[in-house]
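The next block holds one structure in the form of C-alpha cells; read it before the comments.
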Amino acid sequence: MRLFKNYLLNSSYQILLILLPLITAPYLSRVLGASGVGINAFTNSVVFYFSLFSILGTFTYGNREIAYYQNDKKKRSEIFWGINFLSWMIAGITYIVFLIFISMTQRYQAYYLWQSLIILANLFDISWYFMGMEKFKITVTRNLIFKILTVIAIFIFVRDQNDLIRYIAIAGIGSLLSSLSLWPY
1 MRLFKNYLLN SSYQILLILL PLITAPYLSR VLGASGVGIN AFTNSVVFYF SLFSILGTFT
61 YGNREIAYYQ NDKKKRSEIF WGINFLSWMI AGITYIVFLI FISMTQRYQA YYLWQSLIIL
121 ANLFDISWYF MGMEKFKITV TRNLIFKILT VIAIFIFVRD QNDLIRYIAI AGIGSLLSSL
181 SLWPY
C-alpha cells in the first residue's frame, strides 16, 4: 500500500511539473518578450551546469544509503551528516568558482547572481533523505506548495519586460525556500 501511495504522490508531482510550465511559459513569453526569455534561458543553462556539479551524485547516493539503513537511526544520522558535509564542501567550491566566472563575464552579472540561488537551493536540499526514508508525502507536499506559490508570485509581480530580474529572483527564492523548508522535519 505504501509503495502504491508513494507512486501516486510522485506521479502527481511529475504531472504538476509538466502542467505548470504550460501555464507560465505563454505568459512569460508574452510579458518578458523574446529577449527576456532568451537571457533567462541562457543564464539559467550556465547556472545549471554549476548546479549539476554542486550536487555531484549526492542525491542518488544519499537516497540509496538512507534507504539501506532505514531502520538504523545512528547509521542514518552518520550518513546524513557525512553526505551533507561533502555536499556543502563541493557546493561551496562550486559557488566560489561560479563567482569567479561571474567576475570574468561582462554581461548578465545580475542575472547570474539571482540564478545562483539555484546552486544554494541544491546546497540545502535534503529531499534525498526523505526519499530514502520513503516519506514522499513530505517532499511532494513541500514541492507542490512552493511551486504553486512561485507561479502565483510570477503572475502578481512579473508584469513587463523590465521584470526579468524579478522573475529570476522569484524562481530562485522559491527554489531556495523549498529546499530550506525540509530542515525542520
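Quick note on numbering: the sequence shown equals residues 1 to 185 in the working numbering. Ideal placement from N, C-alpha and C gives every residue a C-beta, glycine not left out.
Assigned exposure category for residue i - 16 Cβ within 10 Å defines buried
{"i": "N71", "result": "exposed"}
{"i": "E78", "result": "exposed"}
{"i": "G62", "result": "buried"}
{"i": "L176", "result": "buried"}
{"i": "G172", "result": "buried"}
{"i": "I154", "result": "buried"}
{"i": "G197", "result": "In this structure the chain extends from 1 to 185, so residue 197 is not present and cannot be described."}
{"i": "I15", "result": "exposed"}
{"i": "R159", "result": "exposed"}
{"i": "I66", "result": "buried"}
Minimum C-alpha distance to residue i - residue among the options
{"i": "W114", "options": "L86, D163 and K147", "result": "D163"}
{"i": "L3", "options": "D160, W183, L149 and K135", "result": "K135"}
{"i": "L9", "options": "V97, G36, T141 and A171", "result": "T141"}
{"i": "V97", "options": "S51, A171 and L182", "result": "S51"}
{"i": "N6", "options": "V31, I18 and F130", "result": "F130"}
{"i": "Y27", "options": "G172, I18, V151 and P184", "result": "V151"}
{"i": "I148", "options": "A169, R76, I126 and S178", "result": "S178"}
{"i": "T43", "options": "N122, L182 and Y108", "result": "Y108"}
{"i": "Y69", "options": "V46, M133 and W183", "result": "M133"}
{"i": "R166", "options": "V31, I100 and Q106", "result": "V31"}
{"i": "G36", "options": "V47, G174 and Q161", "result": "Q161"}
{"i": "G174", "options": "V158, I145 and S45", "result": "I145"}
{"i": "F101", "options": "A67, Y49, E65 and K74", "result": "Y49"}
Residues near residue i in its chain [Cβ-Cβ closer than 6 Å; skip 5 each side]
{"i": "Y95", "result": "I119"}
{"i": "K73", "result": "none"}
{"i": "G33", "result": "Q161"}
For residue j and residue i, believed in contact at Cβ under 8 Å, the rounded distance
{"i": "L86", "j": "F124", "result": "Not a contact, Cβ separation roughly 14 Å."}
{"i": "Y13", "j": "N143", "result": "6 Å"}
{"i": "I138", "j": "Y185", "result": "6 Å"}
Close-in-space but distant-in-sequence residues of the same chain around residue i (CB under 7 Å, 5 per side omitted)
{"i": "N59", "result": "The displayed chain sequence assigns Phe, not Asn, to residue 59. Answer for F59: W128, listed in chain order."}
{"i": "W169", "result": "One detail in the question is off: residue 169 reads as Ala in this sequence, not Trp. Only W114 meet the Cβ criterion."}
{"i": "T24", "result": "V151 and I154"}
{"i": "A110", "result": "I165"}
Residues of its chain near residue i, where Cβ-Cβ distance is below 8 Å and the 5 sequence neighbours each way are ignored
{"i": "N84", "result": "I126"}
{"i": "V47", "result": "F98, Y112, Q115, S116, I118 and I119"}
{"i": "W183", "result": "F124 and I126"}
Mind the definition here: the segment 80–97 touches the segment 53–68 only if three or more C-beta pairs lie below 8 Å; say whether that holds.
-> yes
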